[in-house]
Amino acid sequence: MKNFKTLLLSIFAASLFLACNNDDNLLEVETNQSSLTDEIAEDALEEEAQAKGLFQSFRALREAKILLTSIRKDGGIPYNVFNPALRFTEAQNVFVPSVLGIDFRIDRNVVPAGPTVRLPMFKGWETLPNGQKRELYYVITEVSDKLMAKKLGVIFAPRMAASIGSGGEQKGYFTRRGRLVFEGSVDFSPKRSLVTGPADGLLFGFPPAEANPGAIADGKWSSYVVLPSGVVINAQPVANSTGLHDRVPNPLGNEQEQEDDLNNPNFAPEQASVVMQLLDGWHADRPYYFHIVTDTSDPGPATIELGVFAPRLANLPTFGLFPGGSMLPFSPTANGRTTDTDGLGVQGLNTASLSNRQVQDPTNTFPIDPSDTRYAPMWDAHVTEFTVPESERPILQSFDQINDLLADGTLIPFRGNANPSPLANSLSDLLTATGAIINCPVITQPDDSVIGTQIGIPTNN
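Written out as structure tokens, the structure is:
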């Protein structure tokens, strides 16, 4: 039966090739025998969807196949759920199994970019305001459909589906060549700059007096993309002809002239992959909550955390609510510790703002990880503010700790938060929402024993 199916697929592929040979708008067909064998093996997921009557999943799996085929066409390594390029240990605790490498080295004296991840990179088309199309490179880290997430090797995040109809999402469709077309577009050419804020009581450095993001999306762009199947993917832009995402580290340095250098070896379109910096954070009293930052709804965090300013994200539902809506609350602090006095590091939007070209991570505090199906990659900022001198400020390591410090007055909601009173939020009844949405896909939270190691091809420096 398997040989018969292989023969049928070969005949079908050959007939499609002959029919489509003179039409540049038609989907190119893979005729490589090994790729056909992979498709036969992965048909098990489609058969599972059919058997369970999951029509949307079945359509989404066909879309996943188109995306994976495009990776192969572009010289990359498409994820194979039955034979992945990398296998991760429990200690490495990697949430995105399709990643091609992780550099867990955190000593910036050894690795100036700090920890990094190499992700599969897709090529598609963005739509400019004048209606013209431009090539766009992007990564996918989450999907709202479980079977599609399994096939792509990304995180299953069902809550993303709540974005549909909110005005915070965008639609995408596939060309007959198998490329995803987006409604919006991103300009990577702006020059990132930040002027730190003056002293205001116990605040200094943050909020910034002036923030100019290094990339700006138009009003139609959102990384929450609704596919024709109705499934939502988190497709985040990393490069086009205007430049590169500021989180793609350049081996030559972090200065302005390196940021949009399309010759950066960490941007590898010929390998269908890209290297991005990982930001640190805290979750459940543990460090190394490594995530990437791609786009935000506010120019301030877009500048501080080197993301794309994408104003459409502000329409996503709903500020402060958990587990409702399509987002998750997380908690940066406005005025954390600027010096490491106990080996736990530094923390705060102020510390990041004051560092040279914002090279220091804010090391924010997060409530859950992607193993929890309540997870979503869009995070709704709930900023805190210390009321005590810096020498008395601890590193904020968990939401339980934050709630305790809010209760005793050591912390208060940041005075710049948009909501005057707490919203219904099971994670904290004492915090208010800032109104800033930040796309922070979580890649890994390894054990201490993993720090300093590498796996796969994580970096190119």
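Letter by letter, the sequence shown follows residues 0 to 460 in numbering that gives the first Met the number 0. C-beta: ideal position from N, C-alpha, C; glycine also.
Check: Verify whether the separation of the beta carbon atoms of Pro96 and Pro83 is less than 8 Å.; Outcome: yes
Check: Candidates Phe289, Pro212 and Arg133: which alpha carbon is nearest Val180's?; Outcome: Arg133
Check: Taking the alpha-carbon positions, what's the Trp281 to Ile367 distance?; Outcome: 10 Å
Check: If you run the structure through DSSP and keep just helix, strand and coil, what is Arg285?; Outcome: strand
Check: Report all residues from its chain with a CB closer than 8 Å to the CB of Gln169; omit the five preceding and five following residues, and keep chain order.; Outcome: Phe181, Glu182, Gly183, Lys219, Trp220, Ser221, Tyr223, Val224, Val225 and Arg311
Check: Do Leu327 and Phe318 have their C-beta atoms closer together than 8 Å?; Outcome: no
Check: Excluding the five sequence neighbours on either side, which residues of its own chain have a C-beta within less than 6 Å of the C-beta of Pro457, listed in chain order?; Outcome: Gly100, Ile101, Asp102, Thr115 and Arg117
Check: Are Val237 and Val230 closer than 8 Å when you measure CB to CB?; Outcome: no
Check: Asp407: which of Pro421, Thr386 and Glu209 sits nearest, CA to CA?; Outcome: Thr386
Check: Determine the direct distance from the alpha carbon of Asp245 to that of Ala112, and round the result to whole angstroms.; Outcome: 12 Å
Check: If you run the structure through DSSP and keep just helix, strand and coil, what is Gln255?; Outcome: helix
Check: Could you say if the segment 284-292 and the segment 438-446 meet the contact criterion of at least three C-beta pairs nearer than 8 Å?; Outcome: yes
Check: Closest by CA to Thr383, which one among Pro376, Asn249, Leu395 and Ala375?; Outcome: Leu395
Check: Which parts of the segment 112-153 are runs of the alpha helix (DSSP H), unbroken and 4 residues or longer, counting only runs that do not cross its ends?; Outcome: 145-151
Check: Tell me the DSSP bridge mates of Ser330?; Outcome: Thr364
Check: Using CA coordinates, which residue listed in Ala234, Ile411 and Arg336 is at the minimum distance from Ser143?; Outcome: Ala234
Check: Exposed or buried, which one is Ile401 when buried takes at least 16 other CB atoms within 10 Å?; Outcome: buried
Check: Using 8 Å as the threshold, is the segment 61-78 in touch with the segment 416-428, meaning 3 or more CB pairs across them?; Outcome: no
Check: What does the alpha-carbon distance come out to for the pair Leu429 and Arg178?; Outcome: 46 Å
Check: Return the first residue and the last residue of the beta strand (DSSP E) that Asp379 is part of.; Outcome: Met377 to Ala380
Check: Which residues in the same chain as Leu405 place their Cβ atom closer than 6 Å to its Cβ, once the five residues preceding and following it in sequence are excluded?; Outcome: Leu429
Check: Would you list the residues sitting across from Lys170 in a DSSP beta bridge?; Outcome: Val225
Check: Quick check: Ser325 and His381, are their CB atoms within less than 8 Å of each other?; Outcome: no
Check: Just list the residues that DSSP pairs Asp199 with in beta bridges.; Outcome: Leu202
Check: So, at 6 Å on beta carbons, what are the nonlocal neighbours of Glu304 in its own chain, with the 5 sequence-adjacent residues on each side left out?; Outcome: Val292
Check: Which residues mark the beginning and the end of the alpha helix (DSSP H) in which Ile401 is found?; Outcome: Phe398 to Asp407
Check: In the DSSP assignment, find the unbroken alpha helix (DSSP H) run with Leu410 in it and report its ends.; Outcome: It is not in any alpha helix (DSSP H) - Leu410 instead sits in the beta strand (DSSP E) that spans Leu410 to Pro412.
Check: If you run the structure through DSSP and keep just helix, strand and coil, what is Pro467?; Outcome: For residue 467 there is no data in the structure shown, the boundaries of the chain being 0 and 460.
Check: Can you give me the start and stop residues for the alpha helix (DSSP H) that Thr68 sits inside?; Outcome: Phe54 to Lys72
Check: Cutting at 7 Å between CB atoms, please list the residues of its own chain near Ser448, excluding the five before and the five after it.; Outcome: Ala90
Check: Please classify Glu45 as buried or exposed, where buried requires at least 16 neighbouring CB atoms within 10 angstroms.; Outcome: buried
Check: Assign Ser370 to buried or exposed, taking buried as 16 or more other Cβ atoms, counted over all protein chains shown, within 10 Å of its Cβ.; Outcome: exposed
Check: May I ask which residues mark the beginning and end of the alpha helix (DSSP H) holding Asn349?; Outcome: Leu348 to Leu353
Check: Please classify Ala208: does DSSP put it in a helix, a strand, or coil?; Outcome: strand
Check: The beta strand (DSSP E) spanning Gly455 covers which residue range?; Outcome: Gln453 to Gly455
Check: In this structure, does DSSP put Gly322 in helix, strand or coil?; Outcome: The identity of residue 322 in the sequence shown is Pro, whereas the question assumes Gly. Note: Pro322 maps to coil in three-state DSSP.
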